[in-house]
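Right, one structure below, let's go through it.
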Amino acid sequence: MHTGNNKTSSINFRLVARSLTIVENDLAQSKALLKNLVFNKTTPIIGITGPPGAGKSTLVNALIDVLLADGSKIAVLAIDPTSPFNFGSLLGDRIRMASHFNHPDVFIRSLATRGSLGGLSAKTIEMADVLRAAGFDYVLIETVGVGQSEIEIAGLADITMVVLVPESGDEIQHIKSGLMEIADAFIINKADRADADVFANNLKKIIGQKHNVQPPVFKTIASQAGGITQVANFIKGAPTFKNKRRELLLAEKAYKLIQHKLTQHIDKKKLQQDIAEALADKNFNLYSFADRYL
Ligand SMILES: Nc1nc2c(ncn2[C@@H]2O[C@H](COP(=O)(O)OP(=O)(O)O)[C@@H](O)[C@H]2O)c(=O)[nH]1
Ligand SMILES: [Mg+2]
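One point on numbering: in numbering that gives the first Met the number 0, the residue at position 289 of the sequence shown is 288, and numbering is uninterrupted.
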């Protein structure tokens, strides 16, 4: 249970922002910073994913309102890799979440997405860890559910909520099955649209085939804060799921860290020189050559 009532001492937002920048850009202090993180409580990470325009940012905004009422401190990471104009989308999210932009208990960070998608999820793990250690009561991560990377990021979340809109009705069969399977709850937003109930029933039928325990389906009108209390209550009441996807994701991450540590003493240029010398021997054997470095 996450009651959000365990009042935390105040969080230094400026320090959090600076720490996130260090981690995001892999600056020199990053490794030491990550190693020294101390986790004093279980902070649920809530993933909110779904197609562009479904109303995820609006929903996050409305959820924050409800969660704040408990005196909780909330961090939001907004990630939108689909937008080629990242700064533009950043700004868009900021404007939409503007009502909380200066709230003392709400920290919002838009994640610029550079480089590979694999790198994105690796960074998200680190940034979410910084936020968990900072003492927030909830960490919300908004991602666009269009590709594999979002499914990967869902591995990080304790609770993954998939946001859909009634218009997706015809395409419901085509919704990425991965996206269907990662959901701990579905949110049908824009329930002010006429076909919301038809869509809800179709969705329930489909998820009934894919899940043993049927995840709840919520209907919301995020732009009017409709149905948000139910979603907030689900978040507060949800157990921290034992997340198999998370174990897999963290194992992958740990593997890369170990690999990096084990190979950092090897300079590739020097390796090439060594090979050049070793090649002079006509009996050169690459496999025993490599053994020298183990
Ligand atoms: N009709 C209606 N529009 C909504 C609702 N929720 C959000 N919107 C609008 O949908 C658009 C996209 O919302 P946004 O939160 O940016 O979507 P995101 O891309 O999923 O983050 C905005 O113009 C919102 O005002 C809703 O419940 N009903
Ligand atoms: Mg958004």
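A virtual CB, placed ideally from N, CA and C, is assigned to each residue, including glycine. Keep in mind it's a predicted model, so treat the numbers as computed, not measured.
*With K30 as the anchor, note down where its alpha helix (DSSP H) starts and where it stops.*
Counting from one through the sequence shown, the residue named residue 30 turns up at place 31. Looking at the DSSP string, the run of the alpha helix (DSSP H) that includes K30 is S29 to K34.
*Report the three-state DSSP secondary structure of L76 (helix, strand or coil).*
Position 77 of the sequence shown, counting from 1, holds the residue named residue 76. Strand at L76.
*Can you tell me the Cβ-Cβ gap for N188 and L58, rounded? I've got them flagged as a contact below 8 Å.*
Along the sequence shown, read from residue 1 onward, the residue named residue 188 stands at position 189. Along the sequence shown, read from residue 1 onward, the residue named residue 58 stands at position 59. Yes, N188 and L58 are in contact; Cβ-Cβ is about 6 Å, under 8 Å.
_Taking DSSP's pairing of strands, which residues face F110 in a bridge?_
Taking the first residue of the sequence shown as position 1, residue 110 is located at position 111. First, the amino acid is wrong: residue 110 is Leu here, not Phe. According to DSSP, L110 bridges with I78.
*Can you have a look at E141 and say buried or exposed, based on whether 16 or more other CB atoms are within 10 angstroms of its CB?*
As a position in the sequence shown, residue 141 is number 142, starting the count at 1. Counting every other CB atom within 10 Å of its CB across the protein chains shown gives E141 a total of 16 or more, marking it as buried.
*Compute the Euclidean distance between the alpha carbons of Q213 and Q28, then round it to the nearest angstrom.*
Translated into the one-based positions of the sequence shown, residue 213 becomes position 214. Translated into the one-based positions of the sequence shown, residue 28 becomes position 29. Straight-line Cα distance between these residues: approximately 44 Å.
_Given this structure, state the Cα-to-Cα distance separating I10 from G134, to the nearest angstrom._
Sequence index remark: in the sequence shown, residue 10 carries index 11 (1-based). Sequence index remark: in the sequence shown, residue 134 carries index 135 (1-based). Going by the C-alpha atoms only, they are around 7 Å apart.
_CB of D64 within 9 Å of CB of I220, strictly_ = Counting from one through the sequence shown, the residue named residue 64 turns up at place 65. Counting from one through the sequence shown, the residue named residue 220 turns up at place 221. Contact check for D64 against I220 fails: the beta carbons are separated by 9 Å or more.
*If we call anything under 9 Å between Cβ atoms a contact, is T42 one with Y137?*
As a first step, residue 42 is located in the sequence shown; it is residue number 43 there, counting from the start. As a first step, residue 137 is located in the sequence shown; it is residue number 138 there, counting from the start. With respect to Y137, T42 sits close: the two C-beta atoms are nearer than 9 Å.
_Is S56 near ligand 2 - that is, is its Cβ less than 8 Å away from at least one heavy atom of it?_
Position 57 of the sequence shown, counting from 1, holds the residue named residue 56. At least one heavy atom of ligand 2 is found less than 8 Å from the C-beta of S56.
*Helix, strand or coil: which one does DSSP assign to G45?*
Counted from its first residue, the sequence shown places residue 45 at position 46. The sequence shown places Ile at residue 45, not Gly. Note: I45 maps to strand in three-state DSSP.
_Alpha-carbon spacing of N201 relative to Q208, whole angstroms_ = By one-based count along the sequence shown, residue 201 stands at place 202. By one-based count along the sequence shown, residue 208 stands at place 209. C-alpha separation (whole angstroms): 11 Å.
*asked:* Buried or exposed, going by whether 16 or more other CB atoms sit within 10 Å of the CB of R131?
replied: Stepping through the sequence shown from its first residue, residue 131 is reached at position 132. Result: buried.
_I'd like to know whether the C-beta atoms of V129 and V22 end up nearer to each other than 9 Å._
As a first step, residue 129 must be located in the sequence shown, where it is residue number 130. As a first step, residue 22 must be located in the sequence shown, where it is residue number 23. Yes, the pair counts as a contact, with Cβ atoms nearer than the cut-off.
_Taking the straight line between their C-alpha atoms, what separation do you get for L163 and I257?_
Residue numbering aside, residue 163 sits at position 164 when the sequence shown is read from its first letter. Residue numbering aside, residue 257 sits at position 258 when the sequence shown is read from its first letter. Looking at the two C-alpha atoms, the distance is approximately 39 Å.
*So, helix, strand or coil for V162, using DSSP?*
Within the sequence shown, residue 162 is the residue found at index 163, counting from 1. DSSP places V162 in the strand class (E or B) of the three-state scheme.
*asked:* Taking the beta carbon of N284 as the centre, do at least 16 other beta carbons fall within 10 Å, making it buried, or is it exposed?
replied: The residue labelled residue 284 in the question sits at position 285 within the sequence shown. Counting the other Cβ atoms within 10 Å of the Cβ of N284 gives fewer than 16, which makes it exposed.
*For Y286, does the three-state DSSP call read helix, strand or coil?*
For this step, residue 286 is matched to residue 287 along the sequence shown. If DSSP states are grouped into helix, strand and coil, Y286 belongs with the helices.
*Roughly how many whole angstroms lie between the Cα atoms of S56 and I45?*
If you number the sequence shown from 1, residue 56 lands on position 57. If you number the sequence shown from 1, residue 45 lands on position 46. The straight-line gap from Cα to Cα measures roughly 13 Å.
*Go ahead and pull the three-state DSSP assignment for K189.*
Here residue 189 is taken as the residue at index 190 of the sequence shown, counted from 1. Coil.
_What residue range does the alpha helix (DSSP H) around T20 cover?_
Taking the first residue of the sequence shown as position 1, residue 20 is located at position 21. Taken as a continuous stretch (DSSP letters only), the alpha helix (DSSP H) holding T20 covers F12 to E23.
_Contacts around L19, its chain only, beta-carbon distance under 7 Å, and the 5 residues preceding and following it disregarded_ = Within the sequence shown, the letter at position 20 stands for residue 19. Within the same chain, L19 has close Cβ partners R108, M126 and V129.
*Work out the CA separation of D280 and L32 for me, nearest whole Å.*
As a working mapping, residue 32 is identified with position 33 in the sequence shown. As a working mapping, residue 280 is identified with position 281 in the sequence shown. L32 and D280: Cα-Cα distance of roughly 46 Å.
*asked:* Taking only three categories from DSSP, how would you classify A253?
replied: Walking along the sequence shown from the start, residue 253 turns up at place 254. Residue state, collapsed to three classes: helix.
*Kindly give me the distance between the Cβ atoms of L139 and I73, rounded to whole angstroms, as I take these residues to be in contact under 8 Å.*
In the sequence shown, the residue the question calls residue 139 occupies position 140. In the sequence shown, the residue the question calls residue 73 occupies position 74. Right, their Cβ atoms sit about 7 Å apart.
*Using 8 Å as the cut-off, classify the Cβ of A74 as near or not near the heavy atoms of ligand 2, replying yes or no.*
As a first step, residue 74 must be located in the sequence shown, where it is residue number 75. Not so, every heavy atom of ligand 2 lies at least 8 Å from the Cβ.
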